[in-house]
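2 protein chains.
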Amino acid sequence: MHDVAKEKTGDIIQSVDVAIDVLLHVAKHPDIRLSDISRNIEETKPRILRMLRTLEQRGLVRKSKMGTYRLGNTAIVLGTAASTQVDLVRIASPILEELGQKTNETAQLRIIDNGESLCIAKFEPMRDLRVQAMIGRRRPLFAGSYKVLLAFLQPQVQMQMIPATLPRFTNSTITNHAKLLQELENVRKNGVCVSYGEVSEQLVSVSVPVLAFDGSVIAAINVAAPAFRTQQSDVNRYTLLLKDAAAKISARLGW
Amino acid sequence: MHDVAKEKTGDIIQSVDVAIDVLLHVAKHPDIRLSDISRNIEETKPRILRMLRTLEQRGLVRKSKMGTYRLGNTAIVLGTAASTQVDLVRIASPILEELGQKTNETAQLRIIDNGESLCIAKFEPMRDLRVQAMIGRRRPLFAGSYKVLLAFLQPQVQMQMIPATLPRFTNSTITNHAKLLQELENVRKNGVCVSYGEVSEQLVSVSVPVLAFDGSVIAAINVAAPAFRTQQSDVNRYTLLLKDAAAKISARLGW
DNA sequence: TTCTGATGTTACGTCAAGCGTAACGTGTCA
DNA sequence: TGACACGTTACGCTTGACGTAACATCAGAA
């Protein structure tokens, strides 16, 4: 029923859709100007101008004296409300923080969104050197420990998410299809995925899935740390803590 | 033309405007259903349905199995991005936290928005009993310590923001126009406004303005505390800390 | 200086996008 | 078994939103 592909689903209001495009574009490129948006979205300038004026009037974006646009106050209000309304984030946040405190490393909550993994909550420890995480940042599903999200999908859906050619990020990146499928199989068995520098050199990342009762994957949580201070024993400890945290989140999501 | 009071500025896209209405409505009323939105916004159900579908497809709202709507993941991402893009919030946040730590009471950052004061950042101390603050919450401009925002406006603009009759919240609320103007004069002189239960009984609130170089008011910061543990000496201390914090914010906003 | 090619903006006539009406299917409470 | 909510679909009509074109303004190049 759900068209995952780009089949244009009717019944959506195009002008609203474009307005959302504009809004998300401003979110991604602060201090962007009208012409650039117009170019990137591939819509006429008058159209984009009307969109921006509408968004501005409601405080979703703000125009500087220099004519550049940023997100506005209403967007802050919206986001704050959203954090309390999205069950997954509300429930996982304190658990993620506890996890981060115990490991003293960066922890993230990630979901599948539009064929990528999307960070929707994070914890960063108070120490000088740490892995940086950012809400809204997208990463591929087929590389690094986030492939745990892939591993727990039905094989059919899984295939659709894996591109024909696997781009290489580092020496450790898996670029062979058969090897990737083998790895996914292992991940599914072990319930954990560890990446040693598959996406970024010198970074170890450990992810486990957050599962619903029916076994479907809802999200992934992970701990990421610099390789130089991460022994095998740490990875093992992180794994246990992650599995514990994931179980807690699953339970509380129960409803 | 049936524009009575608020001359609608042309050049805005109505369907986008209504969609924003819907979005903000969902933000304010989590788990609302189609019919209720339709009633409240006063638009037909098919229209709202089209709006919601468009918003849902982009992840701004999410529909539960029961047919109710909440904000979605995209809204979280948007809000997080906004927090880093709005200068005032980005700069004031750490200063607000420092202020809150020192006072061990709730601190807020508020701006004028649509004739009301709007909370766009906050700090709440870690103690059992504290004043609750909420980003997005609106309060009147003409009562409580937030009238500091009013006090630093040009008299002309000021008048437009003061309603003909001043509603009473508590026994201490100022409901007399002349008295209010007198109070605003005092506030402007002293650079601080203290409310002893003007809006909520048993609550003391101290606000100071955040000013631009030209003396125009950008925002207000305040500390709010239960009356029973707030001596005059505390109010004095808060005032000093607030003025210090406001000066810091002003300076860093300098550019 | 003058030219050139950006920028944001306004105006307006055209056309289809998006509207409301009406009818549908479904569920829940009397 | 009604009665009345709910969400949803279909479709023909109209008006809202579109793009074109022309405008004003600025910055750098010639």
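If you're matching them up, the sequences are chains A and B in order.
One point on numbering: in my numbering, the residue at position 214 of the first sequence is 228, and numbering is uninterrupted.
One point on numbering: in my numbering, the residue at position 195 of the second sequence is 209, and numbering is uninterrupted.
Even for Gly, the Cβ is constructed at its ideal location relative to N, Cα and C.
Identity of the residues DSSP links to residue i by a beta bridge
| i | result |
| --- | --- |
| A:Leu85 | A:Val75 |
| A:Val237 | A:Ala121 and A:Val220 |
| B:Ser131 | B:Ile126 and B:Arg153 |
Proximal chain A residues relative to residue i, where beta-carbon distance stays under 9 angstroms
| i | result |
| --- | --- |
| B:Asn87 | Ala96, Val100, Leu102, Val103, Ile125, Asp127, Leu132 and Ile134 |
| B:Arg64 | Asp25, Ile26, Ile27 and Val30 |
| B:Arg84 | Ala96, Gln99, Val100 and Asp101 |
7 angstroms Cβ cut-off: residues of chain A touching residue i
| i | result |
| --- | --- |
| B:Thr68 | Ile26, Ile27, Val30 and Asp31 |
| B:Pro44 | Gln99 |
Extent of the continuous alpha helix (DSSP H) run through residue i
| i | result |
| --- | --- |
| A:Val159 | The residue you asked about is not Val; residue 159 of chain A is Ser in the sequence shown. From DSSP, A:Ser159 is part of no alpha helix (DSSP H); its letter is neither H nor E. |
| B:Arg124 | No alpha helix (DSSP H) contains B:Arg124, which is instead part of the beta strand (DSSP E) from Thr120 to Asp127. |
| B:Asn54 | Leu48 to Ile55 |
| A:Ser230 | No alpha helix (DSSP H) holds A:Ser230; DSSP gives it neither H nor E. |
| B:Leu279 | Residue numbering for chain B in the displayed model covers 15 to 269; residue 279 of chain B lies beyond these limits and cannot be assessed. |
| B:His191 | His191 to Asn204 |
| B:Ala260 | Gln246 to Leu267 |
| A:Ile188 | First-last for A:Ile188: undefined, no H or E at that position. |
| A:Val32 | Gln28 to Lys42 |
| A:Gln170 | Pro169 to Met175 |
For residue j and residue i, believed in contact at Cβ under 8 angstroms, the rounded distance
| i | j | result |
| --- | --- | --- |
| A:Ile26 | B:Thr179 | Contact doesn't hold; Cβ gap of about 45 angstroms is too wide. |
| B:Gly150 | A:Ala95 | 6 angstroms |
| A:Thr59 | A:Ser49 | A small correction: the amino acid at residue 59 of chain A is Lys; Thr does not occupy that position in the sequence shown. The pair is a contact, with the Cβ atoms about 7 angstroms apart (cut-off 8 angstroms). |
| A:Arg262 | A:Ile90 | Rather than Arg, the amino acid found at residue 262 of chain A in this sequence is Lys. With 8 angstroms as the limit, A:Lys262 and A:Ile90 do not qualify as a contact, their Cβ atoms being about 30 angstroms apart. |
| B:Arg152 | B:Glu130 | 4 angstroms |
| A:Leu164 | A:Leu155 | 5 angstroms |
| A:Lys257 | A:Val222 | 5 angstroms |
| A:Ile51 | A:Val36 | 6 angstroms |
| A:Phe183 | A:Val213 | 5 angstroms |
Per-residue contacts from residue i into chain B (C-beta, under 7 angstroms)
| i | result |
| --- | --- |
| A:Gly150 | Val91, Thr94 and Ala95 |
Below-7 angstroms beta-carbon distance, residue i vs any chain B residue
| i | result |
| --- | --- |
| A:Gly114 | no |
| A:Ile34 | yes |
| A:Pro240 | no |
| A:Ala41 | yes |
| A:Gln122 | no |
| A:Gln168 | no |
| A:Lys22 | Low confidence applies to A:Lys22: its pLDDT is 41, below 50, so where it sits in the model is not reliable, and the reading given next is rough at best. Answer no: the Cβ-Cβ gap between A:Lys22 and chain B never drops below 7 angstroms. |
| A:His16 | Low confidence applies here, because A:His16 scores a pLDDT of 32, under 50, leaving its location unreliable; read the following figure in that light. So, not an interface residue. |
Residue i, enclosing beta strand (DSSP E) - first and last residue
| i | result |
| --- | --- |
| A:Glu138 | Per DSSP, A:Glu138 belongs to no beta strand (DSSP E) and is neither H nor E. |
| A:Ser209 | Cys207 to Tyr210 |
Residue-chain proximity (residue i, chain A), Cβ-Cβ < 7 angstroms
| i | result |
| --- | --- |
| B:Gln146 | no |
| B:Ala19 | Only weak support is given to the placement of B:Ala19: the predicted model assigns it a pLDDT of 32, under 50, and the question is left unresolved by the model. |
| B:Gln71 | yes |
| B:Ile263 | no |
Within chain A, partners of residue i - CB distance below 8 angstroms
| i | result |
| --- | --- |
| B:Leu74 | Ile34 |
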